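One structure below.
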Amino acid sequence: MEPRYDTLFYDGQCPLCAKEIRTLRKLQRGNLIFADIHEQHDGSSNLPGHEALLKRLHLMTWTGEWVIGLPANVRAWSHTPFGFLFKPLLWPGIYQIASRIYGKWADKRYERKYACAIGNKAA
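Numbers -1 to 121, taken from this note's numbering, label the letters of the sequence shown in order.
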């Protein structure tokens, strides 16, 4: 049977993101690949745009399906012994609230870090 690896694309220049990735690396069971988008994105691949990757966490499953945002985070943690703790974030009702919170946090993080560099909402 062929190995099944998911690939998590993360912002290696984000201190909070890098801290979570260090934790995931230590805890994961060996079937999650980590790709810093600043090192991986050359514009010639099948990856989403660089800006899209910066705005939301992206995970490509072993089948080639893209999982984005909060579900990507839950899927990444499912590769650790603590994945069960994150599953409730996908339950109806909880998901809508958690997804909004994640979205607001991700937007704020992106605007603070990249608004001037990329030109998003810069005044």
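Beta carbons are placed, not taken as given, at the ideal position from N, Cα and C, and that holds for glycine. If you're wondering where the values come from, they're calculated on a predicted model, not measured in any experiment.
Terminal residues of the beta strand (DSSP E) in which residue i lies
| i | result |
| --- | --- |
| residue 64 | 64 to 66 |
| residue 8 | 4 to 8 |
Cβ-Cβ separation, residue j to residue i (assumed contact under 8 Å), whole Å
| i | j | result |
| --- | --- | --- |
| residue 72 | residue 84 | 5 Å |
Per-residue DSSP class, three states only, for residue i
| i | result |
| --- | --- |
| residue 21 | helix |
| residue 32 | strand |
| residue 55 | coil |
Residue from the options with nearest C-alpha to residue i
| i | options | result |
| --- | --- | --- |
| residue 32 | 77, 103, 86 | 77 |
| residue 54 | 90, 99, 2 | 99 |
| residue 34 | 7, 102, 68 | 7 |
| residue 59 | 80, 36, 30 | 30 |
| residue 122 | 21, 19, 68 | The first residue shown for the chain is -1 and the last is 121, placing residue 122 beyond what the model contains. |
Bounding residues of the alpha helix (DSSP H) (the contiguous stretch that carries residue i)
| i | result |
| --- | --- |
| residue 47 | Taken as a continuous stretch (DSSP letters only), residue 47 belongs to no alpha helix (DSSP H), as it is neither H nor E. |
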